Each structure stands twice: as structure tokens, then as C-alpha cells.
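Those protein sequences? They're chains A and B, same order as listed.
So in my numbering, the last one in the first sequence is 1138, and the numbering has no gaps at all.
So in my numbering, the last one in the second sequence is 799, and the numbering has no gaps at all.
Shown next, in C-alpha cells, is the structure this report addresses.
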Amino acid sequence: MAAARPDPDALLARVQREEEKARRGKLKIFFGATAGVGKTYAMLEEARRQKAKGGDVVVGYVEPHGRAETEALLEGLEQLPYRTVTYRGAALRDFDLDAALARKPALLLVDELAHTNPIEGQPPPRHGKRWQDIEELRDAGIDVYTTVNVQHIESLNDIVAGITGVRMRETVPDVVFETADEVELVDTPPDELLERLRAGKVYVPEQARQALESFFRKGNLIALRELALRTTADRVDAAMREYKEGHAIRETWAAGERILVAIGPYEEAERLVRAGKRLATALHAEWIVVYVETPDLLRLPEAERDRRIELLRKAESLGAEAVTLGGSSAGEEIANYARTRNVTRILIGRPRRALWRRLLRPSTYGELLANTEGIDVHVVGGADEAAALRSPFLARTRAYLQAARPESAKVRWPGYAWAVIATALCTVVGAVTAPLFELANIVMVYLLAVVLIAVRHGRGPAITASVLGVASFDFFFVPPQFTFAVSDAQYLITFAIMLAVALVISNLAASVRLQARVAGHRERRTALLYAMSRELAATRGQEAMARAAVRHVSEVFESQAVVLLPDAGRLRYPRGDSIAGSLHGADLSIAQWVQDHGHAAGLGTDTLPGAEALYLPLHGGPAPPEGARPVLGVLAVLPANPRRVTLPEQYHLLETFAAQIALALERAEFAERAQRASIDAETEGLRNALLASISHDLRTPLAVISGASSSLAEGGERMSPAERAGLARSVFEQSQQMAQLVANVLEMTRLEAGAIALERDWHSLAEIAGAVLRRLTGPLASHAVEVHLPPDLPLVRVDATLLEQVFANLLQNAAKYTPPGTHVVLRAERADGRLRVSIEDDGPGLPPGDPEQLFAKFERGAREGAIGGVGLGLAICRAIVRLHGGRIWAERLPGAGAAFRFTLPLETPPEAPPEP
Amino acid sequence: MSEPRATVLVVEDEPEIRRFLRTSLAAEGYRVVEAESGARGAVDAATHKPDLAVVDLGLPDVDGVEVIRRIRKWSAMPILVLSARTREQAKVDALDAGADDYVTKPFGVGELLARLRVALRHASRSPTGEEVLRLGPVEADLKRRRISRGGAEVHLTPIEFRLLNCLAQHLGMVVTHRQLLREVWGPSYVEHTHYLRIYMKQLRDKLEEDPVRPKHLLTETGVGYRLVGDD
């Protein structure tokens, strides 16, 4: 049945996954509910079994906690030396990743998957987390055994915190746990565990004993055990599903679920993301985390904003697709996006908005409900331990207080000053006009000031203006004047309404201003990116692109940058002059690591965060067969101020730049590859022609030489002197021919390689021609050669040796390709300010076809004939004439015969001083 | 051959080329001393007191030009140079360092022997020159500065005469551009090679039957000129 056939694409993906798995080292996790269940013990026992079977087992790092049982198990196992790290003055033992990679055992034991490496230690670790060390070990093909507790699994963090009241800082991404090849649950019933704890068999540091006593309550232990069992069961379930897919066992599934998690500025976003992850896992659904960048966002304190963006990255690491949307209304944007992506469920947080705000504007929640018919909306909610810590009111207050700061005080203070000045001006205007107008009109004047201040200087100054306005109005105008006392209670209502109106106006006006700033911000980002893309698109060649990219990146991020490109797998510094903003001190070993592993490293990342610069891989598109994205190079950025790249928002932008650069580099690489392929083909063709030609032209003289010389050697004494001389002469002649052939091939090679520098000097053409004619007396003996050179021929500035070669080749050709008795004429004349030299004959003429073809390499007038020569002669002539700035061509002469002509530029020759 | 049994030193690293030189030279009646390196050659030149040295320019240890310089420090023996075809500048360097003539590889034995004989003859001739130089129909009595062609007197300018005289001093042997310019015009004119082209053309017009295909005033492209007598 067709419907039951597994989807070929999915199958292919699975095969690729399995291939990838086969290459990588396998990961086995010994998984437990809490500390003390005996994970390390179980791991060591298993390791001993493997060792007994003859496996190459090495202990990378195990915390024995001074327990005798564990130490007994360690005996007889090879242990890697520890790395000593100095951290805040104390010497710590830590796992030595490089030693493990160098030793490269088949199986390595590394305890505590969730361990955090001491980032600020000396020497600094390569990765921030141990699970990253383990990933690298697996990349190197090393099988790894490790241990972890349920509370360290990222998505279970909240649940565990809810159960125990203790939040774990050291967490492991779910994906590490999910992609482990094997998970072994190490289970100990709570009573037994408590027994062991009492017996002191569970290692507990002294200072943590108190906290742990509340942790190791029986109720907690039962809950954690259940969580561990359920998590393991989920994994088994997933494995089962994969098996079913692989074997085309299909049941009716609910239509593909897709979950959208909307995180906004006010919710407990982290909880929301974790809840989304759990729901997605439970439903086997794909999930998207959406963040809507509304004007509200910019009002948040900077640290809070950064946390949102960091959260998106975290969501990605949990397997979600992270999307940032822009718009003024979060609810509408989310609903639109959900519809376009066929989302089935939306998760949002419970809104935490003050009552008056809820009344003033519809909540995201309300907008969403109004726009998402047919989509389930889950509201994840509310109070937890974090809520007690920071009530929404406190958070908002703090946000306001901080919001005043980030834009830097020097920008804001003039705003407040203007608020005071504007209020003072209003008071003056009011004082002047008070006798003419009613007090109500003076209120209008103050409100106008508030609007103007709000539009120009934002919320804070506007609120100041509102309050000052009300106070001034009271003090200066409301009777009794010049006191804050109010005689008529009616004015209290005026004050209240005036303040309310002023606040609403200032809020609205400030919102408009903020939206404009958000738009401006986004526009600037797009413009910067566009500027670089445009320049990259107009640039050819990777090196030039790298330069352009460096210029843009260094400008936008106020940093030094360099794009390192690989040369046969090794990164190297770009050649050529350095440009402004280029980074000189990039650490090539870090860059090489980034190139090899495809992960970012250095400043602000989890890998080698102690480095000064940030190293980003430039990922190309996926290569179809392997599925792994090739790394085209590395972008290294050294910012003047580290915040320019470590702020998540900036980091995100930098990543976008890197993606653009990678795209351009990939395009250049494809172009280069295509060009190289065509050059290769051409070279290959030439090489074949040369081989064919040489093999013929060498074989003939060689046959003659070896035949004639062997006759002389073996039977020379029986021959007449004349016969001997004849044979000897043919040996000599043939060897001369071979010498000529070899010389031509060498000459051509040197000309093509550009290894010949012209040694120009003033020469007489007649002299050069004369030398050639004398040299070729033999070959030209049976031809009638005439020379027509005008007596007033000027000297020419040429390389005489090379020009002699041109004459020699042309005259030799005439001798070779025309029958004896043919007339050959050498002539030279001035034509159009140049010197034109011709060698004409009245022989059989040129072969049919385009005469220009004769100048190609390995072309001959008569193919494979008895005439020697590789067909390089004319190609050499052309190369030489071109070097001199001239042109060479062949013509068919009217009647019969051929002409080869070339031109040379004429310059004014120097004169010799006249003799006295 | 009429020469006495002269000793020839062959400085050449290729055993096959040494072998064929030894055979050919011995067949012509020369005594041959072989040296397979430049350093060895310089020593042998002193110990064996050869009448002539044949030096390959492409030696593995010492540059051939250096070998020539070492020999020239104490000896005026004629030196012939063997050189690959495409290295004109190396020939010029060797000649300027004191070599007397060159043969381009690959070469025929006949050519080598001819050069060898000319060099030996030149070395044995007394420096003051004597008999009249015959160049086809031209007779040049350099001592008396009298040149005639088919009996008619030919007038040479002083420079033309000096040029002819300089070439005649090395009759049969190549003279580099530099040597000619220095001896005819003076040391400060060695870069003015176009003087040579102009005066050589004038000289050929006056002395050669067909100036375009000279028989006596020959061009060695890239190296210099050679004056060849009638025989």
C-alpha cells in the first residue's frame, strides 16, 4: 500500500543520521533521580566489563568523593592525568580535554555531564560546559560514558525547582540527552537512598549539608524518581517511534501538530519556553518560539531585553525554531504568523498588566483570541517562586528607573531642563494673559507644553512637565495665589483631570516617538546589511570579498575584524596589504578550531570565552550528500568595546552579517570552481596534445639514433668509411632535431610561465636576420632566399635573442613546409608608424581553414606527417611578438604561397655622436 | 694536425660528456686532463699546466665563471666555455670574466675543435700582429692602417678602424659588446650598445660583399661579434 510506504526523504534523513551516528563516538548516559543513587558506581562497573572484554577503556575524570567502593572500582583502569586549574587563588583538578583527544581511547569515562568548567580559571578551559567537551570527544570518534541527574535536564529545570524549591544552575540541553545513544537509568528506592545518606555513603559537602537536608526529603525523592522514570520512558517511546517509522508501521497519528510559543516582554518567558518544549516533546510536534519586537520592548531595561534574545537562542538549542517579528501589536502579529505557519497550538504567558493599562488598551491575550479561530490558545500561568521574588509592580518600577538610564544621562537631562523651562514659559504666558482669559484656557497652555515636551523629549520629561504644570497652575493662578492651598474644592477635580490628561497625552506621544525609534533602529540595521550585501555582490573573488566584509564589519561594530579563509584546510591570514580596521592578532589556533568544528568560539561564547576576539564560522549552504554544512572560513572580530558584540542583539546582527558574508563567499567559490574546472579541462587538453605530439616527434629521431648507433657499435668495422660517416651524420642530425624540439618545449614553457623578462636593447634588424640566415644555412640550402631590407631601416628596441628565435622559426617553417627550390623572401618596411616584417614564399600555401589556428599550440600544417616539430614554433613566435607589443598573422598570397607577417612598434632610436 | 701535442684540461661534471670529449680530443692528438668539479679544475689548472681549459658553466660545486676568475688570476691560458643554449647572459659573464670563446650545448665535435684550434693559435701568436688580414676581396694591413677592396683603397673612420682592429686582435674569437665598447670608445661608454650597431653596419657596408649576409663580421646574438678570416 502506497500510503504505508515510508517517506523516502524521511528515510534518507534517517540513513544520514545513522551514518553520522556511526562516525561519531557513542554516548551512554547513566541517569539518576538524585545524587547518591550510584550512577558513578554503575558506570565504573560497566567500564570494567568492557575492559574485561578487551576494550580500550580510559577514565577521563571521575569524582570519587573519597568513597572506598568507587576507588576500588577505579583500580586497574587507565586514568588520564588531571588538569590543574588555578581559579580564584585555589588550585582545582579538572578534566583534561586535550589529553583525552591526544590519547584517543575507544571508550572514555567522564563523570558529571552537567559540570560547568571554571571559565575564569588559568589556563582557561576550551568550553564553558562539560557537555561541550563531550560533544567534541564524540566528534573525534571517541565513545563516552557519563552521568547526569534528572534535575540537570534543561526543560525539567522548572519542574524540579517546583518540587524541591532549589533551582539548578548547571543544566544540560535536552538535545544532548535526547541524542545520546543509550540511557541507563540507575534507580534506588527512596528509602534505601535515605538509608545510604544516613550511613554517610552519599557524598555531601559540609557547607551544603543544611540545604541538602531539606532537599533529601522523602516526598522530594519520590517525585524526582518518578520524573526520572518518566523521562526515561519518554526516550524509550521516541526510540519505539523511530523504529516504527523505519519499518513503515503506521498508525493514525493526529494531524501534525505545530506549536507556537509567543514570548513577550512581560511574561515569565523562560518558564514559557520550557513549557513549550515539554508540550512539543509530549505531542511529538515541531515548535516555534516567536518574539514580537514591539515599542514596549525598547522601554524595557537593557538587561531584560538581552535576556529575551538570549532566550531565543536557548530555545533554538532546545530544538525550537526561533523567530523575531516586528510590529506595533503583538497579538495581531502572532495571530498572522500562526496562520501562515499552520500552527495548531499557541502558548502564551498570563498577562501581568496593571488594571488601568488593561482597560486602556486591549491585551495581547485579547487580540490573540479575537484573531485565532481554530487554534488552541494555552495560557501558561502565573504564580511561582519567581513571582514572589519580583512582583510585577516592583519589576515595572525597576524597569522605569532603569529605562531612564540606558539612553545615557547627557541626552535626557536637557529634556528635563526643557520641561522646567516650558512650564516656566507657560506660567509667564499665563500671567500675561490671565486678566483676559479664563483659567481653563491657561490649563490648555500647560497641556500644549506637555504635548511638545512628550514629542521632543519622551516620557520622563513629559511627566515632569505634567506635574510641574499642575503645581504651577495651582501656585500661580488658582486662588489663593502664591500658595498651594486651594479655596474652591472644584479645582481639585480640575487638577486631577489636568494631570490625567497630561499623563495620557505624554504616554501616547512618547509611544509614537518610540515606535519611530524602533522603526529607525530596524531600518538602520537593514540599511547596514544592505550596504554590505550590495558591495559583496559587486565584488569578485574571495579575497576581495573578505576585504569588503572586513571594512563593513569593522565599521558597524566599531571593531577590528578579519576574514580568514582556508587554504587546503588550514586557515591563513589574507595576503596583500592590510586595510583599515583589519585585525592582526587573531589567534589562528582558535580560528582553526572554529573552522574544524563549525561552532563559534571566543569572546561571549561558551567556547574559550577568555579570548579577546570573537570567532564566527562562515557556514555555507548544506552539501547534499553529507548533510553537514561546510565552513567556508572564519570571521574574527575584536571589538573596541566587548559589549558591541556580546550584547545578544548585537551578536544576532553580527551573525546575520556573517551569514551574508558566507553567502557571498560561497558564490565566489562556486564561480572559482567553475572557472578552475574549465581551465583544468583546457590544460588537460593541451597536455594530451603535447604528449601525442612529443611521443611522435621523439620516437622518430630516437629510432634513427639507436638504430644507426647500434649498427656502428656492432658492425662498424665491416662498413666502408663512407657508410660509417653516413650513419654517424644521421645520428648527429637527428639528435640536433631532438635538441631543437626540447628547446622549443622549454621555451614555450618559460614564455607561458612568464619567466622570461625581455632584455630590450637597440638592435639592427638586418643584423639579427643575418645571424639567423647564417645559422640556417644548412636547412635553407635548397631554397632560394632573398632579403629585401631598406638601407635606412631604423634600429628597433627588442630582445635580440627572442627576435632571432622568431626569424628562425618562421624561416625553418618555410624550409620545412615548402618543396626545394621555393623562393623565400624576407622583407621589412615601415607601415602605419610600425615596422612590418614579412616572410613570404611561393610554395603550396597555407592549409585550409582559419590561418589564425596555425598559431595555436601543437598545430601543424600537415598532421602526423614525416615533418618533425611539435607545432610549437608559431605559438612561440606569437608569444614573443606579443611580448614586444606587436602582432603576428598569416596570409594566403594571391596565386600561390603564404606570407607570415609581424609588426614591431617603432620608437625614435638614439644617435651616435658624429665623428670629427 | 700541425699543433704540437697540447694539453687540454676538461672541467665537466657529466661523465658521458667527459668521455666523448676525451675520445675526440685524444683522436686529434691532444693530451687530456679531466676534472669533475670546479674546485678540482682550478687545482688541476695549476698542477698540470695545461695549454687550454674547457670549462662547463653548469658545475655542481663552484660556478664556472668563478673557476675562470680563479684561473685568470695567474694564467693567460685560453679558456673555452661550454654553456646551455638559453643562457646568453651566463656566456657574457664568462667571457667578461676572461674566457676566450664559447661553444653552445649541444655541439658537434667539429665546432669545438675549430674553436679550440683558433684559441690555441691566438695564444701562440705574438701580440704585435704581423701579416695582412684577408677578408675575401678585402685586404687589411692593420699595422699600416691601409685597407683595400679589390685593389681600391677603402677609407675607414678612426672609430671604424679601431673597431676592426679590436676584432682582429681576437681573430676567430668572440668579443663581447662590453669589451668592444670599452676598447673602442672608453670605459664610460660600455652601456651604449647602439654605437656598435651603427658602426658595425658602416663597417659591413664597406667591407662585406653582402652586408645583410656577412661572411667575416659575424653577429653572435646577445653576446658580441666575431671576426672570421678567410681560412
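Note that beta-carbon positions come from the ideal geometry of N, C-alpha and C, so glycine has one too.
Keep in mind the model is a prediction, meaning the values are calculated, not measured.
- prompt: Using the beta-carbon of each residue, which ones in chain A are nearer than 9 Å to Y598/B?
  reply: Simply none; closest approach about 21 Å.
query: Between M970/A and L920/A, which are expected to be in contact by the criterion C-beta below 8 Å, what is the C-beta distance as a whole number of angstroms?
result: Their Cβ separation, rounded to whole angstroms, is 16 Å, which puts M970/A and L920/A out of contact at 8 Å.
task: Examine chain B for any beta-carbon lying closer than 8 Å to the beta-carbon of E848/A, and answer yes or no.
output: Confidence at E848/A is low in this model, with a pLDDT of 49, below 50, so its placement is unreliable and the value that follows should be read with caution. Closer than 8 Å: no.
query: Closer than 8 Å, CB to CB, is H723/B near chain A or not?
result: no
query: Quick one: is Q764/A buried, meaning 16 or more other Cβ sit within 10 Å of its Cβ, or exposed?
result: buried
message: Can you give me the C-alpha to C-alpha distance between A290/A and H506/A, rounded to a whole angstrom?
response: 44 Å
- prompt: Within the 8 Å Cβ cut-off, does V780/B reach chain A?
  reply: yes
message: My parser needs the alpha helix (DSSP H) runs of 4 or more residues fully inside the stretch 631-658 of chain B; what are they?
response: 632-640
- prompt: Hey, out of R678/A, A693/A, R452/A, whose CA is closest to T649/A's CA?
  reply: A693/A
query: Roughly how many angstroms lie between the CA atoms of R348/A and L830/A, to the nearest whole one?
result: 4 Å
field: CA-to-CA distance, V622/B to G676/B, given in whole angstroms
entry: 15 Å
task: Please name the residue, chosen from V742/B, R685/B, T761/B, M645/B, that lies closest to W984/A on a Cα-to-Cα basis.
output: T761/B
Proximal residues to I927/A (C-beta, below 7 Å), its chain only, five neighbours per side dropped: V953, Q956, S957
message: Within 8 Å of any Cβ in chain B, is that where the Cβ of R996/A sits?
response: yes
- request: Buried or exposed for K275/A, please, with buried defined as at least 16 other CB atoms from any protein chain shown within 10 angstroms of its CB.
  value: exposed
field: DSSP-derived helix/strand/coil call for V622/B
entry: strand
message: Please identify the residue among S1060/A, A965/A, D413/A whose C-alpha is closest to the C-alpha of V1047/A.
response: S1060/A
task: Please name the residue, chosen from P674/B, I647/B, H723/B, P618/B, that lies closest to A965/A on a Cα-to-Cα basis.
output: P674/B
query: In chain A, what lies closer than 9 Å to I636/B by C-beta?
result: Chain A residues near I636/B: none, gap ~22 Å exceeds 9 Å.
message: Suppose contacts are defined by Cβ-Cβ distances below 8 Å. Is L1025/A in contact with R765/B by that definition?
response: no
- request: For the beta strand (DSSP E) containing L569/A, list its first residue and its last residue.
  value: 567-571
message: Quick check on L786/B - is its C-beta less than 8 Å from some C-beta in chain A?
response: yes
- request: For the beta strand (DSSP E) holding L963/A, just list the boundary residues, first then last.
  value: Where L963/A is concerned, there is no enclosing beta strand (DSSP E), although the alpha helix (DSSP H) it sits in stretches over 943-974.
query: Taking the alpha carbon of C496/A as the point to measure from, which residue in I570/A, F706/A, T1040/A has its own alpha carbon closest?
result: A quick correction: the sequence has Arg, not Cys, at residue 496/A. Per the Cα distances, I570/A.
query: Which residues share a DSSP beta bridge with F399/A?
result: According to DSSP, F399/A bridges with nothing at all.
- prompt: Is P1127/A near the ligand SAH, going by C-beta to nearest heavy atom under 7 Å?
  reply: As far as ligands go, the structure on display features none, and thus does not contain the ligand SAH.
query: How about A1134/A: is its C-beta nearer than 8 Å to some C-beta of chain B?
result: yes
field: Partners in chain B for D1014/A, counting only beta-carbon separations shorter than 9 Å
entry: By Cβ distance, chain B contributes nothing, its closest Cβ being about 11 Å from D1014/A, past 9 Å.
query: Under 9 Å Cβ-Cβ, which residues of chain A neighbour Y757/B?
result: None at all; the shortest Cβ gap to chain A is about 10 Å.
Residues near A328/A by beta carbon distance below 8 Å, same chain, minus five either side: G277, D278, V279, I364, D365
Cβ shell of H747/B (< 8 Å), same chain only, five flanking positions each side left out: The sequence shown places Gln at residue 747/B, not His. Hits under 8 Å: L663, D664, C734, G792.
task: State buried or exposed for D606/A, treating a residue as buried only when at least 16 other CB atoms are found within 10 Å of its CB.
output: Residue confidence for D606/A is low, a pLDDT of 43 falling below 50, so the modelled location carries little weight and cannot support an answer.
task: Kindly say whether L744/B, judged by its beta-carbon, lies nearer than 8 Å to any beta-carbon of chain A.
output: According to the sequence displayed, residue 744/B carries Thr and not Leu. Output row for T744/B: interface = no.
query: Around the C-beta of A749/A, are 16 or more other C-beta atoms found within 10 angstroms, so that it is buried, or is it exposed?
result: exposed
- prompt: Contact check, I375/A vs T453/A under 8 Å by CB: the rounded distance?
  reply: 7 Å
- request: Determine the DSSP secondary structure at V579/B, reduced to helix, strand or coil.
  value: strand
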